[in-house]
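The listed protein sequences derive, respectively, from chains S and Z.
Residue numbering for the first sequence follows full-length UniProt numbering, starting at 1 and increasing by one per position.
Residue numbering for the second sequence follows full-length UniProt numbering, starting at 1 and increasing by one per position.
Using N, Cα and C, we set each Cβ at its ideal position, and we do this for glycine too.
First the structure, in the form of structure tokens, and then the observations on it.
2 protein chains.
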Amino acid sequence: MNEFELIRHYFAAARCAQGGVGVVRGIGDDCALLAVPAGEQLAVSTDTLVAGVHFPDACDAFLLGQRALAVSASDLAAMGATPLAFTLALTLPSASEAWLAEFARGLQQMAENCSLALVGGDTTRGPLSLTLTVFGRVPAGQALLRSGAQAGDLLCVGGELGDAAGALPLVLAQRDATPEVAEPLLARYWSPQPQLALGQALRGRATAALDISDGLLADCGHIASASQVALHIELARVPLSAPLRAFAGEEQAKVCALGGGDDYRLAFTLPPALLADIQRDWPEVRVIGRVLAGSGVQLLDAAGQPIEPPRGGYQHF
Amino acid sequence: MNEFELIRHYFAAARCAQGGVGVVRGIGDDCALLAVPAGEQLAVSTDTLVAGVHFPDACDAFLLGQRALAVSASDLAAMGATPLAFTLALTLPSASEAWLAEFARGLQQMAENCSLALVGGDTTRGPLSLTLTVFGRVPAGQALLRSGAQAGDLLCVGGELGDAAGALPLVLAQRDATPEVAEPLLARYWSPQPQLALGQALRGRATAALDISDGLLADCGHIASASQVALHIELARVPLSAPLRAFAGEEQAKVCALGGGDDYRLAFTLPPALLADIQRDWPEVRVIGRVLAGSGVQLLDAAGQPIEPPRGGYQHF
Chain S
1 MNEFELIRHY
11 FAAARCAQGG
21 VGVVRGIGDD
31 CALLAVPAGE
41 QLAVSTDTLV
51 AGVHFPDACD
61 AFLLGQRALA
71 VSASDLAAMG
81 ATPLAFTLAL
91 TLPSASEAWL
101 AEFARGLQQM
111 AENCSLALVG
121 GDTTRGPLSL
131 TLTVFGRVPA
141 GQALLRSGAQ
151 AGDLLCVGGE
161 LGDAAGALPL
171 VLAQRDATPE
181 VAEPLLARYW
191 SPQPQLALGQ
201 ALRGRATAAL
211 DISDGLLADC
221 GHIASASQVA
231 LHIELARVPL
241 SAPLRAFAGE
251 EQAKVCALGG
261 GDDYRLAFTL
271 PPALLADIQR
281 DWPEVRVIGR
291 VLAGSGVQLL
301 DAAGQPIEPP
311 RGGYQHF
Chain Z
1 MNEFELIRHY
11 FAAARCAQGG
21 VGVVRGIGDD
31 CALLAVPAGE
41 QLAVSTDTLV
51 AGVHFPDACD
61 AFLLGQRALA
71 VSASDLAAMG
81 ATPLAFTLAL
91 TLPSASEAWL
101 AEFARGLQQM
111 AENCSLALVG
121 GDTTRGPLSL
131 TLTVFGRVPA
141 GQALLRSGAQ
151 AGDLLCVGGE
161 LGDAAGALPL
171 VLAQRDATPE
181 VAEPLLARYW
191 SPQPQLALGQ
201 ALRGRATAAL
211 DISDGLLADC
221 GHIASASQVA
231 LHIELARVPL
241 SAPLRAFAGE
251 EQAKVCALGG
261 GDDYRLAFTL
271 PPALLADIQR
281 DWPEVRVIGR
291 VLAGSGVQLL
301 DAAGQPIEPP
311 RGGYQHF
């Protein structure tokens, strides 16, 4: 098999992943064709991951395949979109059969997990990088935007934060930990679970939403800016996992949760009356603050007094 | 301005390009939102261009911006799709203000030319490469595919071939030529004009179509294979431009036209009765052969006898 046949062979499985309705024509022509049901709109997002910038040069191809698609699918969750399909642009220095087989297996596993069908792409020779474009569908006018937060809303997150940033010393093999600590942290880095069902449930309920990729404070800044409101975050209410606390310590865990990024959990604003309904199905959803008139993001201590974010470094690529 | 502000600033103009109907929400949220009119489908294509592989490491940023979008838009032409929007994933070693300004200007010019609106993307640090994903709309069931060619159809191309491949010694500054020769050849390499209007006119008429990117013989092989037919090409009917003949010589011009690629002209199969109608509006359309029962692509001499493709090297990246 030549390089292109290899790629076709290994990606055939991901192509078969069920993408719900809407994939009229996938790989094999000049374009893929998608059908969008009447009354719905198409949500589109593009993300690039570059070796040595977004993931270690030497990493497990299976895990990379999982992570690349999860990162992109999380943008569909943030809009409340129902997953449909994706394209993959893969740039590789050389086509190792073993690498491709493992990468395609990881991609396929996440594709099935997210109900996304591979419908097209491009394979080129060059320094390792991946650009994924994901497609979802959402009823017209119901997409979750960053811009609708209202004074009086609660500020919520979809679960514990900071694990992926905290895991970086493990990802880079700079530190060791016991399996009970290392395994959950590495899983949160390598195979984050896009909160697709939560996002869909928030349609018509959340007033603003996004997925946390730049870090809680930075991403809350995006909501505050787009919605022209102020967000107050109570530090003590930001949920931290037990493995993160054990591995990084209490102070560094807070640093990771506030600024580390790569969480791919949803942050959203919600009228208070709707909280019980959401938490019944998603008990991991936590209220971490509230929306006020004003601008910017303010961190508060347990007494409700403004504080500076705790200082500390976290690993960057 | 920091890097991200710079990029937002320079791409603001391309964002404003008119993308026809359908762009509900562009840059600025987790996803862009596209509306597809009832009865239409969305055509999607992704292409990656890597520095040193698909274009010279040192090249004019304005020309690169034009070429990158033209290459992708040509896939919409090949499906007969009406252009709608595109996303840009740009990986850059560093963000030079002058480079970004010129690149964005070239991108914007081609975006206006093709009626494509920039609706999203990603900017990352790394070795220079670009991945563009283009979106078009097409009435359901009317997209031009590679698979419908019928014995008895004519094989046509959308104009002269080989100019872009022939231009490579000029692109790489390995040879000189007079302006009358160099300018048209370089223009065909750096700013190919996607045959969008021709593609739309071929809907319901052409039985199969694609855009020539791998070279005429290879791309005709794709039609033959997808349609399960044989294609016969008469070498003497393959249209060659005067500048290509002058620059490369008659034999090498044929080599470029048959195998060089990067033409981004349409190749399509057409029932003979429809030819006059197409050529009235597109006089540059030429019949180069015909479709027969069988398989594969056969080159013929002027007497209709099978011949081998002329041999000769063309520059590769």
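As assigned by DSSP and simplified to three states, the class of residue i
{"i": "Z/Ala267", "result": "strand"}
{"i": "S/Pro184", "result": "helix"}
{"i": "S/Ile212", "result": "coil"}
{"i": "S/Asp153", "result": "coil"}
{"i": "S/Gly65", "result": "helix"}
{"i": "S/Gln18", "result": "Only weak support exists for where S/Gln18 lies, its pLDDT of 47 falling under 50; the value from the coordinates is given anyway. Three-state DSSP puts S/Gln18 in coil, outside helix and strand."}
{"i": "S/Pro283", "result": "coil"}
{"i": "Z/Ser129", "result": "strand"}
{"i": "S/His232", "result": "strand"}
{"i": "S/Asp163", "result": "helix"}
{"i": "S/Arg25", "result": "strand"}
{"i": "Z/Gly304", "result": "coil"}
{"i": "S/Leu144", "result": "coil"}
{"i": "Z/Pro169", "result": "helix"}
{"i": "Z/Pro272", "result": "helix"}
{"i": "S/Ser94", "result": "coil"}
{"i": "Z/Ala117", "result": "strand"}
{"i": "S/Val71", "result": "helix"}
{"i": "Z/Val53", "result": "coil"}
{"i": "S/Val255", "result": "helix"}
{"i": "S/Arg290", "result": "strand"}
CB of residue i within 8 Å of CB of residue j, strictly
{"i": "Z/Ala35", "j": "S/Gln41", "result": "yes"}
{"i": "Z/Arg137", "j": "Z/Leu210", "result": "no"}
{"i": "S/Ala43", "j": "Z/Cys31", "result": "yes"}
{"i": "S/Gln150", "j": "S/Thr207", "result": "yes"}
{"i": "Z/Cys256", "j": "Z/Ala248", "result": "yes"}
{"i": "Z/Ala230", "j": "Z/Ala302", "result": "no"}
{"i": "Z/Gly26", "j": "Z/Leu155", "result": "no"}
{"i": "S/Leu168", "j": "S/Ala77", "result": "no"}
{"i": "Z/Val291", "j": "Z/Asp153", "result": "yes"}
{"i": "Z/Tyr189", "j": "Z/Ala164", "result": "yes"}
{"i": "Z/Glu251", "j": "Z/Pro310", "result": "yes"}
{"i": "S/Leu88", "j": "S/Gly121", "result": "yes"}
{"i": "Z/Val287", "j": "Z/Arg237", "result": "yes"}
{"i": "S/Gly166", "j": "S/Gln195", "result": "no"}
{"i": "Z/Ser295", "j": "Z/Ala224", "result": "yes"}
{"i": "Z/Ala70", "j": "Z/Ser191", "result": "yes"}
{"i": "Z/Thr269", "j": "S/Val53", "result": "no"}
7 Å Cβ shell around residue i - same chain, five flanking residues per side excluded
{"i": "Z/Ser72", "result": "Ser45, Asp47, Phe86, Leu132, Val134"}
{"i": "residue 344 of chain Z", "result": "Given a span of 1 to 317 for chain Z in the structure shown, any question on residue 344 of chain Z remains unanswerable."}
{"i": "Z/Ala101", "result": "Tyr10"}
{"i": "Z/Gly39", "result": "Pro139, Ala140"}
{"i": "residue 324 of chain Z", "result": "Past the boundaries of the shown model lies residue 324 of chain Z; chain Z is included only from 1 to 317, so the question cannot be answered."}
{"i": "Z/Ala177", "result": "Leu170, Phe247"}
Whole-Å CB distance - residue i paired with residue j, under 8 Å assumed
{"i": "S/Arg245", "j": "S/Ala253", "result": "5 Å"}
{"i": "S/Leu203", "j": "S/Gly80", "result": "Note that residue 203 of chain S corresponds to Arg in the displayed sequence, not to Leu. About 4 Å separates the two Cβ atoms, so the contact holds."}
{"i": "Z/Met110", "j": "Z/Gly65", "result": "7 Å"}
{"i": "Z/Ala117", "j": "Z/Val23", "result": "5 Å"}
{"i": "S/Ala187", "j": "Z/Leu33", "result": "So it is not a contact: roughly 32 Å between Cβ atoms."}
{"i": "S/Gly259", "j": "S/Gly215", "result": "4 Å"}
{"i": "Z/Asp277", "j": "Z/Ile212", "result": "Contact flag wrong, Cβ pair sits at about 22 Å."}
{"i": "Z/Phe103", "j": "Z/Phe55", "result": "Z/Phe103 to Z/Phe55, Cβ: 12 Å. No contact."}
{"i": "S/Ser115", "j": "S/Pro83", "result": "5 Å"}
Residues of its chain near residue i, where Cβ-Cβ distance is below 6 Å and the 5 sequence neighbours each way are ignored
{"i": "S/Val171", "result": "Tyr189"}
{"i": "S/Pro239", "result": "Glu160, Arg286"}
{"i": "S/Arg205", "result": "Leu274"}
{"i": "Z/Arg175", "result": "Pro169"}
{"i": "Z/Ala226", "result": "Arg146, Ser147"}
Proximity test, residue i beta-carbon vs the ligand COA heavy atom, cut-off 7 Å
{"i": "Z/Cys256", "result": "For the structure depicted, the ligand COA is absent and the ligand set is empty, with no information on it obtainable."}
Cβ neighbours of residue i in the same chain (closer than 8 Å, five flanking residues each side left out)
{"i": "Z/Ile307", "result": "Leu235, Leu299, Leu300, Asp301"}
{"i": "Z/Trp282", "result": "Gly158, Leu198, Ala201"}
Along the segment 35–48 of chain S, where does the CB come closer than 7 Å to a CB of chain Z? Name the residues. Ala35, Val36, Ala38, Gln41, Leu42, Ala43, Val44, Ser45, Thr46, Asp47, Thr48
Residues of the segment 66–83 of chain S with a CB closer than 7 Å to any CB of chain Z: list them in chain order, please. Asp75, Leu76, Ala78, Met79, Ala81
If contact means a Cβ-Cβ distance below 8 Å, which residues of the segment 290–301 of chain S contact chain Z? Residues of the segment 290–301 of chain S that bring their beta carbon within less than 8 Å of a beta carbon in chain Z are absent altogether.
Report the residues of the UniProt domain "PurM-like C-terminal" (150–298) of chain Z with a CB closer than 7 Å to any CB of chain S, ordered along the chain. Leu210, Asp211
Listed from N- to C-terminal order along the chain, which residues in the segment 120–131 of chain S have their beta-carbon within a distance smaller than 7 Å of any beta-carbon of chain Z? Gly120, Gly121, Asp122, Thr124, Arg125, Gly126, Pro127, Ser129, Thr131
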